[in-house]
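Asker:
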Amino acid sequence: MRQISPMQARRRGRNCPHDLVKLAKKYSPVLVKGFSTGNIAVVDKRSWLEVCDRKHRYGANLRAYYKEWKRYEGPKPGFWEWLDDESVEVDGVPRAKLESETVLYCDKAERQKFALTFRDGMLYTVADDVPVDTGDDGWIFVLRDGVLYGSEKVTTQVPRIHHTSLSGGECVQTAGMMVVSNGTLNIIYPHSGHYRPSENEVLVLLRFLEGHGIELEDVLVDVQRIQKVSRERSNNVKVKKLDNAHFWNGRMARDFLELKDFVWHSDLFVDLERCVAHIELQRHQHLAEAEQQRLMKALALPRTSSSECVCGDDDVDMLDDCGDMDAHPLAGCTLDVVDGPLYF
């Protein structure tokens, strides 16, 4: 299996989600639903258990039980069969907590009550036709098939409402949080633990908003991830992302991302990688031929942007970065057996 350079690895997730989709397909068709129609954001691997669970129990609790199941050695039932044994309990996550904390998952019809629409540059609810007013805490949102869905995030009641509630765990175009006052969009936070929006997905959102009459200059966008702003620490603990926001106005953010996207598609990054590879080879001329061959392989360049996949060759295995993969994928959403590791 061909190795990839660190730069290629960083770029691969943004520009070639197909590897992740191939993997997700093995677990459940729900995880990849909508991908072929332009919804390219797949639920983060750490939430796959929650999506695939019939009861949609909260993912953090399921992961604790999954880790316990993985620690068992020797013959054992599949994860879901093991989990159905009510005598199974994990320290720190009592069985009652696991069973009581569930997440709402809406199908296509049910999510319509969360649909939003635009009129004269303002946001309205489709169900009641009233201006959206989120309060200072904001709402979570997903964009799917050109429709924006939004709701208050609910974590203290059952069922919980997360980003996957609005999408049913399916693929989306992008996700995040927004603060809206009497219909006026004020702030966008591209934050979602379930979808972890990339720069490309933030650009998709900004284009969408501008196309629906939103004046981006009047909207603040948190670009802390785009600008690689490290989170401050308090008592050696990272502060929350919302408390570490780094704002640009929406037009500045869009222009920056448009330029970066243009540079990417003009193959300037490929030229940079080629220069880096040349410099590295010059620095290591003293190495034995076998070591030089190994280095050249590690510095292998990606395809150009005109190729089918700009993030590397098709034989690059996504699992190189994610850990091992057992031989038993999920068999759709009936989920009688799951023996392969989900990621967290």
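Counting in our numbering, the sequence shown runs from -5 upward without gaps.
The beta carbon of each residue, even a glycine, is placed where N, CA and C say it ideally should be.
Bear in mind the structure is a predicted one, so any value in this text is a computation, not a measurement.
1. I'd like to know if the region 74 to 92 and the region 136 to 144 are in contact, where contact means that at least 3 CB-CB pairs between them fall below 8 Å.
2. Per DSSP, what are the beta-bridge partners of residue 125 in this structure?
3. If the criterion is Cβ atoms closer than 8 Å, does the pair residue 135 and residue 172 meet it?
4. Quick check on residue 99: does DSSP put it in helix, strand or coil?
5. Tell me whether residue 39 sits in a helix, a strand or coil according to DSSP, three-state version.
6. Whole angstroms is fine: what's the gap from residue 118's alpha carbon to residue 175's?
7. If distances are taken between C-alpha atoms only, which option among 178, 22, 109 and 71 comes closest to residue 48?
8. Could you check how far apart the C-beta atoms of residue 166 and residue 189 are, in whole angstroms? I think they sit under 8 Å.
9. Go to residue 89, then tell me how far its alpha helix (DSSP H) extends in each direction, as first and last residue.
10. Based on DSSP bridge pairs, tell me the residues matched to residue 170.
11. Report the option in 256, 208 and 274 whose CA atom is closest to the CA atom of residue 244.
12. Would you give the residue range spanned by the beta strand (DSSP E) that residue 73 belongs to?
13. Given a threshold of 16 other Cβ atoms within 10 Å of its Cβ, counted over all protein chains shown, does residue 18 qualify as buried or as exposed?
14. Can you grab the Cα-Cα spacing for the pair residue 24 / residue 276, in whole Å?
15. Output the boundary residues of the alpha helix (DSSP H) element that contains residue 196.
16. Count the other CB atoms within 10 Å of the CB of residue 105; is the residue buried (16 or more) or exposed (fewer)?
17. Can you say whether residue 149 is buried or exposed, counting buried as having 16 or more other CB atoms within 10 angstroms of its CB?
18. Measure the CB-CB distance between residue 168 and residue 35 and report whether it falls below 8 Å.
19. Tell whether a beta-carbon distance below 8 Å holds between residue 116 and residue 178.
20. Could you name the residues of the same chain whose beta carbon sits closer than 8 Å to that of residue 109, not counting the 5 residues immediately before and after it, in chain order?
21. Looking only at its chain, what residues have a beta carbon closer than 8 Å to the beta carbon of residue 51, apart from the 5 residues adjacent to it on each side?
22. State the beta-bridge partners of residue 242 as determined by DSSP.
23. Here's the rule: buried if 16 or more other CB atoms are within 10 angstroms of the residue's CB, otherwise exposed. What is residue 256?
24. On the three-state DSSP scale, how would you describe residue 247?
25. Starting from residue 183, follow its DSSP beta bridges and name the residues at the other end.
26. Between the alpha carbons of residue 268 and residue 262, how many angstroms are there, rounded?
27. For residue 231, list the residues DSSP reports as bridge partners.
28. Based on DSSP bridge pairs, tell me the residues matched to residue 143.
Answerer: With the structure as the only source:
1. no
2. Along the sequence shown, one-based indexing puts residue 125 at 131. Under the DSSP definition of a beta bridge, residue 125 partners with 118.
3. In the sequence shown, residue 135 corresponds to position 141, counting from 1. In the sequence shown, residue 172 corresponds to position 178, counting from 1. A contact, by the Cβ cut-off of 8 Å.
4. Reading the sequence shown from its first residue, position 105 is the one you call residue 99. The answer is coil: DSSP assigns residue 99 none of H, G, I, E or B.
5. Here residue 39 refers to the residue found at position 45 when the sequence shown is read from its first residue. It is helical.
6. Your numbering for residue 118 matches position 124 in the sequence shown. Your numbering for residue 175 matches position 181 in the sequence shown. Roughly 11 Å between the two C-alpha positions.
7. Within the sequence shown, numbered from 1, the residue matching residue 48 stands at position 54. Considering only alpha carbons, the answer is 22.
8. As a working mapping, residue 166 is identified with position 172 in the sequence shown. As a working mapping, residue 189 is identified with position 195 in the sequence shown. Confirmed, Cβ separation roughly 6 Å.
9. Residue 89 sits at position 95 when you count from the first residue of the sequence shown. 89 to 94 is the extent of the alpha helix (DSSP H) around residue 89.
10. Start at 1 with the first residue of the sequence shown, and residue 170 comes out as number 176. Partner(s): 135.
11. Along the sequence shown, read from residue 1 onward, the residue named residue 244 stands at position 250. When 256, 208 and 274 are compared, the shortest CA-CA separation from residue 244 is found for 208.
12. Taking the sequence shown and counting its residues from 1, one reaches residue 73 at position 79. Not the beta strand (DSSP E): residue 73 falls in the alpha helix (DSSP H), residues 73 to 77.
13. Sequence index remark: in the sequence shown, residue 18 carries index 24 (1-based). The residue in question, residue 18, is buried, as its Cβ has 16 or more Cβ neighbours within 10 Å.
14. As a position in the sequence shown, residue 24 is number 30, starting the count at 1. As a position in the sequence shown, residue 276 is number 282, starting the count at 1. Rounded to whole angstroms, residue 24 to residue 276 spans 49 Å at the Cα level.
15. For the purposes of this step, residue 196 is identified with residue 202 of the sequence shown, where counting begins at 1. Its alpha helix (DSSP H) spans residues 193 to 205.
16. The count along the sequence shown starts at 1 and reaches residue 105 at position 111. Flag for residue 105 reads buried.
17. Taking the first residue of the sequence shown as 1, we reach residue 149 at position 155. The residue is exposed, with fewer than 16 neighbouring Cβ atoms inside 10 Å.
18. Working through the sequence shown from its first residue, we reach residue 168 at position 174. Working through the sequence shown from its first residue, we reach residue 35 at position 41. Contact: yes.
19. To locate residue 116, count along the sequence shown from 1; it is residue 122. To locate residue 178, count along the sequence shown from 1; it is residue 184. Judged by their CB atoms, residue 116 and residue 178 are nearer to each other than the 8 Å cut-off.
20. Walking along the sequence shown from the start, residue 109 turns up at place 115. Excluding sequence neighbours, residue 109 sits near 119, 120, 121, 141, 142 and 143.
21. Here residue 51 is taken as the residue at index 57 of the sequence shown, counted from 1. The answer, listed in chain order, is 44, 92, 93, 95, 96 and 97.
22. Position 248 of the sequence shown, counted from the start, is the residue given in the question as residue 242. According to DSSP, which records beta bridges pairwise, residue 242 is partnered with 215.
23. Translated into positions along the sequence shown, residue 256 becomes position 262. With fewer than 16 Cβ atoms within 10 Å of its Cβ, residue 256 is classed as exposed.
24. One-based indexing of the sequence shown puts residue 247 at position 253. Residue 247 falls in the helix class under three-state DSSP.
25. If you number the sequence shown from 1, residue 183 lands on position 189. According to DSSP, residue 183 bridges with 171.
26. Position 274 of the sequence shown, counted from the first residue, corresponds to residue 268. Position 268 of the sequence shown, counted from the first residue, corresponds to residue 262. Looking at the two C-alpha atoms, the distance is approximately 10 Å.
27. If you number the sequence shown from 1, residue 231 lands on position 237. Beta-bridge pairing links residue 231 to 228.
28. As a first step, residue 143 is located in the sequence shown; it is residue number 149 there, counting from the start. Paired residue(s): 109 and 136.
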